[in-house]
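Chains L and P, in that order, are what the protein sequence lines are. Per this note's numbering, the very first residue in the first sequence carries number 1; after that it's consecutive. Per this note's numbering, the very first residue in the second sequence carries number 1; after that it's consecutive. Notes to accompany the following structure.
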Amino acid sequence: MLPDPNLIFGLRQVEFSYIEERLALQSIDLQVCRGESVAILGANGCGKSTLLSIMDGLIFPTKGIFEAYGNRITESKLAHEEFARFFRRRVAFVFQNPDVQLFCPTVLEEVSFGPLQLDLPKQEIERRSHEVLALLGIGHLADRAPFNLSGGEKKKVAIASVLSMNPEVLLLDEPGNGLDPRTQAWLIEFAQQLREAGKTIVTATHDLSIVDEIADRIIILDENHRLAADGPTPEVLRDQELLLKANLIHEHYHHHNGVLHSHRHSHIIGHRHEH
Amino acid sequence: MPPERNRLLPSWMLAPPGPVESQLGGSSPSDKKLSSFAEKTIYSIFHLLRDELFSERLSRKKGVLQRLDPRTKLLMSLSLLVTLSFLHKIWLLGLTYAILLILALMSHVGFWYFLRRVWLFVPLVTGILALPATLNWVTPGNPLWILHRFRQDFQYGHWSFPQTLAFSDNGLRSALLFISRVGVSVSIVVLLTLTTPWQRLLRALRVLGVPQFFVFVLGMTYRYIHLFLSLMLDLHFGKKSRTLRASRWSQDQKWVASRMGYLFKRSHNLGESVYSAMLARGFQGEPKILEELEWSRSDLLAMTITVSLCGALGLLQRLLV
């Protein structure tokens with residue numbers, strides 16, 4: 001049977017552990033199709049970043065199968081230049097900590113790093129790099145050293161550095177972390193533009209306030225590192241029991257008219273709860 | 001048709017990706033293997049430290065050595081190390097090593113694992129150090145294997161060299177003794193660190209009078225290795241995720257150098273912050289653990305056996321001259 005041409009990632013019974021006896025992921029069954037916007041939700045340490053690293057072929061399942069574009073991804077598969085080239089130009093990863101991603105002397109070189117490896121003509125590389133910098137509003141930083149920038153600027157450079165390769169899939173690890181409200185709002189709007197442009201976006205986050213704006217499907221990892229839910233965003237966000245169990249919302253105690261009471265509390269679109 | 005706001009995105013970003021070929025990799029003759037020296041080194045360091053230093057896999061098991069107080073194990077190790085430095089008979093070193101192997105097995109440390117941890121690198125490192133001493137020019141003796149024969153003896157300053165350059169029997173014996181002594185000594189330390197959690201070991205060092213400064217530096221080093229190990233791997237992943245083709249040796253070197261600089265800068269900045277954070281939580285330089293160290297009967301027994309063993313080894317050395 002031919003593989004589904006729309007299927008980008010397929011994970012079957014994937015398990016991963018950094019240290020033998022401590023599982024970071026277990027029994028993960030998951031598929032991501034072309035053009036989808038998926039949010040991976042879960043509390044700290046549930047395995048979101050590990051799952052993204054597997055999807056980017058940086059680490060490999062200790063058990064189970066991970067496939068991308070119909071190919072089983074293993075260390076030896078990605079050790080072949082031909083396949084690595086095919087895979088890396090399509091799948092890009094924006095790390096939680098932009099510092100680990102930026103290693104060139106200037107912002108412009110950082111953004112050109114990817115296109116240079118694609119062997120594009122020099123003029124095209126320059127055009128792409130400047131266009132991406134302008135798109136993200138950081139054209140004025142082109143000659144600056146990345147390590148001297150602010151957190152928000154670094155994040156934008158990190159995004160620019162992968163966008164210049166025009167990837168089909170963007171893996172974003174906690175994209176809103178450490179950003180000021182304005183940069184965070186910009187990021188949400190930008191993610192929406194990319195989504196509308198047909199990019200496949202997988203975002204790992206524990207921030208419920210941005211989820212319904214950036215994803216049409218939610219995957220929840222529970223604190224046992226298993227898949228707890230996989231469904232359309234509104235449906236999953238309505239399931240308060242599930243969110244509470246996954247440690248994404250909490251019981252909130254406070255006074256109203258002198259009476260102490262509790263209810264579930266989340267930050268889905270601002271600070272919202274019902275009385 | 002893309003929506004209006006996507007007019008903001010450049011046209012090349014809206015272009016669809018190329019076709020997906022069903023099977024790639026390893027099929028074309030021009031296909032190269034992607035593997036860099038930086039990647040191999042980082043993975044090796046990462047796996048070694050993660051598995052051996054931080055997992056505390058063996059130190060949490062319930063074996064003979066794990067039951068002992070860390071101070072006892074430290075004193076036992078020191079006594080054995082001092083005794084070893086006086087031994088000149090290889091078979092006595094062999095006897096000590098056999099006892100260590102039995103102890104390792106009784107402490108759930110695998111036989112081959114324990115052997116590999118020491119004997120894979122000790123002969124290599126100490127062998128290089130001991131190599132000059134095996135030659136008759138450094139250690140006079142009967143030549144066993146002649147490497148080169150010169151026309152005549154010659155002199156350089158105060159040193160005179162015989163006509164033949166060879167491995168001498170005395171030289172090889174000294175080298176073997178040196179390698180064995182280092183190997184057995186390293187085995188003692190390996191056994192100690194494998195069977196003792198790091199925090200308890202630091203506490204024992206402090207209790208036994210090692211200056212606070214050294215213990216503090218050791219403790220900080222341990223914390224830092226852990227932190228920088230993760231960071232180092234992330235740095236590598238940061239590059240790997242954007243690498244499309246095998247990089248040149250020089251590019252790898254440049255990247256490694258720039259990352260070393262970054263790590264240095266980061267460690268410098270972080271050092272101050274971590275120390276301030278520790279001070280803010282009441283740290284005064286003394287490593288403390290929840291579990292109090294307690295001597296037990298088995299500690300007394302172990303210490304008695306060790307002292308007797310050291311005495312017996314010394315006596316055998318003297319009697320069998």
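Glycine is no exception: its CB is placed at the ideal position from the N, C-alpha and C atoms.
Residues are counted here when their Cβ sits less than 9 Å from a Cβ of chain P; for the stretch 52-74 of chain L these are Ser53, Asp56, Gly57, Leu58, Ile59, Tyr69, Gly70, Asn71, given in chain order.
Contact annotation for Asp299(P) against chain L: no contact, minimum CB-CB distance about 29 Å [criterion: below 7 Å]. Distance from the CA of Ala15(P) to the CA of Asn166(L), rounded to the nearest whole angstrom, comes to 8 Å.
Asp56(L) and Arg71(P) have their C-alpha atoms roughly 47 Å apart. With contacts defined as CB atoms closer than 7 Å, Arg90(L) and Glu168(L) qualify as a contacting pair.
Closest in alpha carbon position to Arg12(L), among Gln26(L), Asp4(L), Ile159(L), is Gln26(L). The beta carbon of Thr126(P) lies closer than 8 Å to those of Phe178, Ile179, Val182, Gly183 in the same chain, with the five residues before and after it left out.
Residue-level contact by beta carbon fails for Gly271(P) and chain L, as no gap is shorter than 7 Å.
For Leu194(L), same chain residues with a beta-carbon under 7 Å away, outside a window of 5 residues either side, are Leu170, Ile201 in chain order. Judged by beta-carbon spacing, Asp143(L) lies within the 7 Å limit of Thr106(L), meaning their Cβ atoms are closer than that value. In this chain, the beta strand (DSSP E) harbouring Tyr18(L) covers 7-19. Across the set Ser185(P), Leu176(P), Ala302(P), Leu115(P), the C-alpha of Ser185(P) shows the shortest separation from the C-alpha of Leu84(P). The DSSP-derived three-state label of Pro146(L) is helix.
For Ala175(P), the CB contacts under 7 Å within the same chain, skipping 5 residues up- and downstream, are Ala130, Ala133, Thr134 in chain order. Contact between Leu149(L) and Leu141(L) holds: CB atoms are separated by about 7 Å, below the 8 Å threshold. DSSP places Ile59(L) in no alpha helix (DSSP H); its state is neither H nor E. Contact annotation: Ala98(P) and Asn136(P) have beta-carbon atoms that are not nearer than 7 Å. Secondary structure at Cys46(L): coil, using DSSP grouped into helix, strand and coil.
Taking a Cβ-Cβ cut-off of 8 Å, the neighbours of Arg245(P) in chain L comprise Glu81, Ala84, Arg85, Gln117, given in sequence order. Distance between Thr50(L) and Phe60(L), taken at the CA atoms: about 10 Å. For secondary structure counted as the beta strand (DSSP E) over 3 or more consecutive residues, the stretch 106-183 of chain L holds these complete runs in sequence order: 169-173. At a beta-carbon threshold of 9 Å, none of the residues of chain L lie near Ser44(P); the nearest stands roughly 14 Å away. Short of 8 Å from the beta carbon of Leu208(P), and not among the five residues preceding or following it, lie these beta carbons of its own chain, in chain order: Arg71, Leu74, Leu75.
Inter-segment contact for the stretch 230-239 of chain P and the stretch 94-106 of chain L is present: three or more beta-carbon pairs are separated by less than 8 Å.
Sixteen is the threshold: since fewer than 16 other Cβ atoms of the shown chains lie within 10 Å of the Cβ of Leu124(P), the residue is exposed. Residues of chain P whose Cβ lies closer than 7 Å to the Cβ of Phe93(L) are, in chain order, Ser241. A check of alpha carbon separations from Arg22(L) across Gly45(L), Tyr69(L), Glu126(L), Gly35(L) identifies Gly45(L) as the nearest. With contacts defined by Cβ atoms closer than 7 Å, Ser160(P) and Thr306(P) do not form a contacting pair.
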